[in-house]
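Engineer: My questions all concern the structure below.
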Amino acid sequence: MSDTLITIFTAPKPFTDPHINLIQRNAIRSWVNLGGSVEVLLISDEEGVADVAQEMDVRHLPQVECNRMGTPLISSIFKLARMESESPFLAIVNTDILLFPNLISATQKVAEELGEFVIVGQRWDMDVREPLNYPQNFFKELEELVRIRGSLHSQMGSDYFIFPRDCFMNIPEFAIGRAGWDNWMIFKARREGWKVVDATQDILIAHQNHDYSHLAGGQPHYRQSETKENVHLAGGEHTIFTLFDAQIRLVDGTLVKSGFSWKKFWREVEIFPLVKLKLKYFGIGFYYLFHPLRAYQDFRKVLRDRNVFK
2 MSDTLITIFT APKPFTDPHI NLIQRNAIRS WVNLGGSVEV LLISDEEGVA DVAQEMDVRH
62 LPQVECNRMG TPLISSIFKL ARMESESPFL AIVNTDILLF PNLISATQKV AEELGEFVIV
122 GQRWDMDVRE PLNYPQNFFK ELEELVRIRG SLHSQMGSDY FIFPRDCFMN IPEFAIGRAG
182 WDNWMIFKAR REGWKVVDAT QDILIAHQNH DYSHLAGGQP HYRQSETKEN VHLAGGEHTI
242 FTLFDAQIRL VDGTLVKSGF SWKKFWREVE IFPLVKLKLK YFGIGFYYLF HPLRAYQDFR
302 KVLRDRNVFK
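Going left to right, the sequence shown walks through residues 2 to 311 as the working numbering numbers them.
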C-alpha cells in the first residue's frame, strides 16, 4: 500500500508556449514540494510533458483518451488516476494552480469527520512572469507573493477537487479545460448526498493568470464549442452548480454549516427537486421558474429552431 495521503493529478497543456511552460512548471514544483504525503501524476501526451515529468521526478501517464477534437477526456483522466494510484484521496488540480501545505491538513481534518465529500474552494489570482523556485522557505516566500499580488476570485469556477477515491466513479466524457464539468462535480456531489466543503478559508491556492492563445480563436474556455457540449453532457444548465451550493465550510480547522441567507434559502428551494427528490423534469421546471429570462430565451430558441418565426 502507498504511504501517500493524496494523489494529485492533472492534464497539462503543451509546454511549447513560453508563459504556459513557466506557470505549469511553477505549479508542479509547488506540488512536489508538499513532500511525501502526496504523489503527482501528469496525465497527458502533449509536447514537453514527458520531459517535465522526468525533470520533476513525477509520474507520467500518456495514454489518455481524447474527444474528436483531440481534447483529453475527464473520464479517462479520472480512470487513469484511480488505476495508477493507491492513495485514499484523489485531487484533480488545474496545472496553473500553486498549492500550499494546508491542503494536506485540511484534507485530513475533513476526512476525520466526513465519509463521502468533495473539497473545493476559491482561488487567488495573480500575475507571474518569473520562475518560482525558492531554495529556502519555499512556501513562506510563495505565500508572501500571493499576499502582495493576489486578488480573490469569485465563487464561479473551481480549480481543484479533493475527494475519496471511491467517489466520482462514473463521469460523462467531458472535455478538460472547458467550462461545465467543474460545475457538474458539485451538482453530482449534492445529488449523491455527499458533503460539498468550501475550504476557501483554510486552503490557500493561487492561480497564475494567462491568456487563451492556446484555445481556438484565442477565446476563453467558456466560449468554446466544447463548453456547450460539456453542459449538454452534464444534463443542461440546471446542473451548473457553484461554490455557493456548498453545505459546509472549513474555517480554522472546524467544519461549520454554511451561513443562512435568503438567497441561500431560495437556492435550496430551487434545487430541492433535483438533488433531494432526484426528479429531473421537476428540477428543470424549478430551474425555469427561478430563471424566467432563461426560460423565455430557451423558448424563443425552440421556436426559432422550428421555424415558427418564418
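Note that CB positions come from ideal geometry on N, CA and C, so glycine has one too.
1) Using alpha carbons as the reference points, say which of 165, 12, 287, 175 lies closest to residue 198.
2) Taking the beta carbon of residue 186 as the centre, do at least 16 other beta carbons fall within 10 Å, making it buried, or is it exposed?
3) Could you tell me the boundaries of the beta strand (DSSP E) in which residue 126 lies?
4) Under the assumption that residue 175 contacts residue 75 (Cβ atoms under 8 Å), give the Cβ distance between them as a whole number of angstroms.
5) Nearest to residue 139 by CA position, among 271, 27, 93, 15, is which residue?
6) Under 8 Å between the Cβ atoms of residue 118 and residue 6?
7) What does a CB cutoff of less than 6 Å around residue 173 pick up in its chain, not counting 5 residues either side in sequence?
8) Taking the beta carbon of residue 30 as the centre, do at least 16 other beta carbons fall within 10 Å, making it buried, or is it exposed?
9) List the residues that DSSP assigns as beta-bridge partners of residue 40.
10) Jot down the residue ranges of each uninterrupted alpha helix (DSSP H) in the region 20-81, minimum 4 residues, whole runs only, in chain order.
11) Determine contact between the region 59-69 and the region 34-48, defined as no fewer than three beta-carbon pairs at a distance below 8 Å.
12) Exposed or buried, what is residue 161 when buried is set at 16 or more other beta-carbons lying within 10 Å of its beta-carbon?
13) Pull up the distance between the alpha-carbon of residue 226 and that of residue 156, whole angstroms please.
14) How many Å lie between residue 16 and residue 86 at the Cα?
Structural biologist: Result, derived from the coordinates:
1) Of the candidates 165, 12, 287, 175, the one whose C-alpha sits nearest the C-alpha of residue 198 is 165.
2) buried
3) First-last of the beta strand (DSSP E) with residue 126: 125-127.
4) At roughly 4 Å, the Cβ-Cβ gap stays under 8 Å, so residue 175 and residue 75 are in contact.
5) 27
6) no
7) 234
8) buried
9) 8
10) 50-57
11) yes
12) Buried: at least 16 other Cβ atoms inside 10 Å.
13) In a straight line, the C-alpha of residue 226 is about 23 Å away from that of residue 156.
14) Whole-angstrom Cα-Cα distance: 25 Å.
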